[in-house]
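**Q** Residue numbers (my numbering): 1 to 389.
No residue lacks a Cβ here, since even glycine has one placed at the ideal position from N, Cα and C.
Quantities reported herein were computed from a predicted structural model and do not represent experimental measurements.
Below is a structure I'd like to ask you about.
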């Protein structure tokens with residue numbers, strides 16, 4: 001059996017190959033992150049005895065390894081990707097020296113492969129990787145959009161502080177229309193009946209004439225200041241927010257299309273929509289590679305910390321390691337579950353009766369949800385509330 005350790009970097013990769021007996025086949029090969037470099041690696045791999053299994057491993061380093069992974073899949077070689085923290089702990093267990101080089105790292109990866117269960121990446125991972133990339137981009141854009149909403153509120157606090165409370169502290173479609181078209185409190189105060197017709201149509205009849213009159217009065221008597229600089233800033237922020245909103249809508253459409261094609265059992269759980277399912281499925285990848293729901297819980301960072309020494313032992317707070325987006329999505333999915341699913345609602349109520357605060361009880365519901373997802377995905381069955389206990 002051959003063990004191939006590859007240390008990934010942006011422009012080049014380092015490779016080390018050893019056998020199960022500890023014989024070094026290739027001490028250090030540095031190849032470029034391009035077609036010529038990949039072909040150089042391929043020539044080395046094809047020169048090995050193919051009657052023996054070849055196990056390839058490298059650290060999870062974001063997108064730097066993507067092209068190499070695709071190349072290995074095309075050439076029919078399996079590979080395993082793992083958390084860099086595991087290798088770091090392995091290295092510390094081997095020596096006390098503080099020496100780190102790419103050559104040392106790739107040899108450590110190969111030797112670490114010899115000590116763990118080999119769990120190769122699933123074939124056809126690129127579809128799931130694309131979904132993961134899109135969901136993370138959407139999350140980033142949503143955060144930026146929220147940032148601009150805060151900045152818009154800050155400007156309105158100077159120019160028209162009564163505006164947002166008038167709309168129940170929410171930026172509705174009607175509120176955005178007014179801000180984009182009229183910008184300042186002075187212009188809002190001088191709105192005509194023709195302007196009201198536009199607002200009435202935009203709001204689908206919800207913006208009444210009484211509200212229109214009240215908004216004009218608030219604009220006329222505002223304590224805000226009229227300032228061309230603030231107006232210019234508000235116009236720019238509204239434009240940025242609108243562009244982001246448009247891009248997020250396009251991304252959500254793509255994500256929904258991609259995740260629908262998968263037809264995974266997780267999507268049959270009531271309360272989990274396409275966007276939430278896309279995050280859960282793409283962040284976890286192939287659920288079958290997890291040995292138990294507990295390992296999925298650990299992957300999401302939802303497990304409590306635990307300390308034991310001598311006769312002292314206690315549980316700590318949630319460790320919050322792994323993907324924060326996955327953790328947030330799982331917790332967020334629990335709200336509709338406890339509202340519309342009797343079993344989840346009873347489980348939440350039970351935890352509350354035990355004296356657990358809302359967020360802690362919700363985290364227990366998330367753990368139950370993970371157990372359900374694990375069962376559905378590993379057995380490839382649809383959700384059935386009657387079987388839920």
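If I follow the unbroken beta strand (DSSP E) through residue 327, where does it start and stop?
**A** Within the chain shown, the letter at position 327 stands for residue 327. Taken as a continuous stretch (DSSP letters only), residue 327 belongs to no beta strand (DSSP E), being part of the alpha helix (DSSP H) at 324-340.
**Q** Using CA coordinates, which residue listed in 12, 44, 324 and 152 is at the minimum distance from residue 61?
**A** For the purposes of this step, residue 61 is taken as the residue at position 61 of the chain shown. The shortest C-alpha separation from residue 61 is found at 12.
**Q** Give the range of the alpha helix (DSSP H) segment to which residue 3 is assigned.
**A** As a first step, residue 3 must be located in the chain shown, where it is residue number 3. Note, residue 3: premise wrong, no alpha helix (DSSP H); beta strand (DSSP E) at 2-8.
**Q** Exposed or buried, what is residue 59 when buried is set at 16 or more other beta-carbons lying within 10 Å of its beta-carbon?
**A** The residue you call residue 59 lines up with position 59 of the chain shown. It is buried - the Cβ of residue 59 has at least 16 other Cβ atoms within 10 Å.
**Q** For the region 2-16 and the region 28-43, state whether three or more C-beta atom pairs, one from each stretch, are separated by less than 8 angstroms.
**A** Of all C-beta pairs linking the region 2-16 to the region 28-43, three or more are shorter than 8 angstroms, placing the two stretches in contact.
**Q** Return the chain-ordered list of same chain residues with a C-beta closer than 7 angstroms to the C-beta of residue 103, the five sequence neighbours on each side being excluded.
**A** Here residue 103 corresponds to residue number 103 of the chain shown, with the count starting at 1. Answer for residue 103: 14 and 28, listed in chain order.
**Q** When you compare the CB positions of residue 151 and residue 86, do they come within less than 8 angstroms of one another, or not?
**A** In the chain shown, residue 151 corresponds to position 151, counting from 1. In the chain shown, residue 86 corresponds to position 86, counting from 1. Not closer than 8 angstroms, so no.
**Q** Rounded to whole angstroms, what's the CA-CA distance from residue 272 to residue 223? Just pull it up for me.
**A** Here the question's residue 272 lines up with position 272 in the chain shown. Here the question's residue 223 lines up with position 223 in the chain shown. Straight-line Cα distance between these residues: approximately 45 angstroms.
**Q** Kindly give me the distance between the Cβ atoms of residue 145 and residue 241, rounded to whole angstroms, as I take these residues to be in contact under 8 angstroms.
**A** In the chain shown, residue 145 corresponds to position 145, counting from 1. In the chain shown, residue 241 corresponds to position 241, counting from 1. About 6 angstroms; that satisfies the 8 angstroms criterion.
**Q** Figure out for me which residue from 245, 51, 127 and 243 has the closest Cα to the Cα of residue 404.
**A** In the structure as shown, the chain starts at 1 and stops at 389, and residue 404 therefore has no counterpart that could be examined.
**Q** Given this structure, state the Cα-to-Cα distance separating residue 226 from residue 156, to the nearest angstrom.
**A** The residue given as residue 226 occupies position 226 in the chain shown. The residue given as residue 156 occupies position 156 in the chain shown. Their backbone Cα atoms lie some 11 angstroms apart in a straight line.
**Q** Find out if the Cβ-Cβ distance for the pair residue 348, residue 296 is shorter than 8 angstroms.
**A** The residue given as residue 348 occupies position 348 in the chain shown. The residue given as residue 296 occupies position 296 in the chain shown. No.
**Q** Between residue 246 and the ligand GTP, is there a pair consisting of the residue's CB and a ligand heavy atom that are separated by less than 7 angstroms?
**A** For the ligand GTP, the structure offers nothing, since it holds no ligand at all.
**Q** Rounded to whole angstroms, what is the Cα-Cα separation between residue 18 and residue 67?
**A** Position 18 of the chain shown, counted from the start, is the residue given in the question as residue 18. Position 67 of the chain shown, counted from the start, is the residue given in the question as residue 67. Between residue 18 and residue 67, the C-alpha separation is close to 24 angstroms.
**Q** Could you tell me which residues DSSP puts in a beta bridge with residue 81?
**A** Counted from its first residue, the chain shown places residue 81 at position 81. 58, per the DSSP bridge assignment.
**Q** Indicate the three-state DSSP secondary structure (helix, strand or coil) for residue 31 in the structure shown.
**A** Here residue 31 refers to the residue found at position 31 when the chain shown is read from its first residue. Strand.
**Q** Smallest Cα separation from residue 231: which of 188, 350, 249 and 213?
**A** Here residue 231 refers to the residue found at position 231 of the chain shown. Proximity to residue 231 across 188, 350, 249 and 213 peaks at 188, based on C-alpha coordinates.
**Q** Could you check the C-alpha separation between residue 163 and residue 138 for me, to the nearest Å?
**A** Residue numbering aside, residue 163 sits at position 163 when the chain shown is read from its first letter. Residue numbering aside, residue 138 sits at position 138 when the chain shown is read from its first letter. Going by the C-alpha atoms only, they are around 29 angstroms apart.
**Q** For a test of the three-state rule: what should DSSP assign to residue 19, helix, strand or coil?
**A** In the chain shown, the residue the question calls residue 19 occupies position 19. Three-state DSSP puts residue 19 in a strand.
**Q** With C-beta atoms as the reference, is residue 80 less than 8 angstroms away from residue 56?
**A** Here residue 80 refers to the residue found at position 80 of the chain shown. Here residue 56 refers to the residue found at position 56 of the chain shown. Going by C-beta atoms, residue 80 is nearer than 8 angstroms to residue 56.
**Q** Just confirm the distance between the C-beta atoms of residue 131 and residue 179, as a whole number of angstroms; I'd bet it's less than 8 angstroms.
**A** In the chain shown, residue 131 corresponds to position 131, counting from 1. In the chain shown, residue 179 corresponds to position 179, counting from 1. About 35 angstroms separates the two Cβ atoms, so there is no contact after all.
**Q** Between which two residues does the alpha helix (DSSP H) carrying residue 381 extend?
**A** Against the chain shown, residue 381 aligns to sequence position 381. Counting along the chain, residue 381 falls outside any alpha helix (DSSP H), and DSSP gives it neither H nor E.
**Q** Decide if the region 260-271 is in contact with the region 361-381; the criterion is three or more beta carbon pairs, one per stretch, under 8 angstroms apart.
**A** yes
**Q** Per DSSP, what kind of secondary structure is residue 24 in: helix, strand or coil?
**A** Position 24 of the chain shown, counting from 1, holds the residue named residue 24. Residue 24 falls in the strand class under three-state DSSP.
**Q** Which residue from 372, 177, 158 and 47 puts its Cα closest to that of residue 292?
**A** As a first step, residue 292 is located in the chain shown; it is residue number 292 there, counting from the start. Of the residues 372, 177, 158 and 47, the one whose Cα lies closest to the Cα of residue 292 is 372.
**Q** In angstroms with no decimal places, state the Cα-to-Cα distance between residue 284 and residue 331.
**A** Numbered from 1 along the chain shown, position 284 holds the residue referred to as residue 284. Numbered from 1 along the chain shown, position 331 holds the residue referred to as residue 331. Taking the straight line from one Cα to the other gives about 15 angstroms.
**Q** Around the Cβ of residue 148, are there at least 16 other Cβ atoms within 10 angstroms (buried) or fewer (exposed)?
**A** Locating residue 148 in the chain shown gives position 148, counting from the first residue. It counts as buried.
**Q** If I follow the unbroken alpha helix (DSSP H) through residue 241, where does it start and stop?
**A** On the chain shown, position 241 is the one that residue 241 refers to. Per DSSP, residue 241 belongs to the alpha helix (DSSP H) from 228-262.
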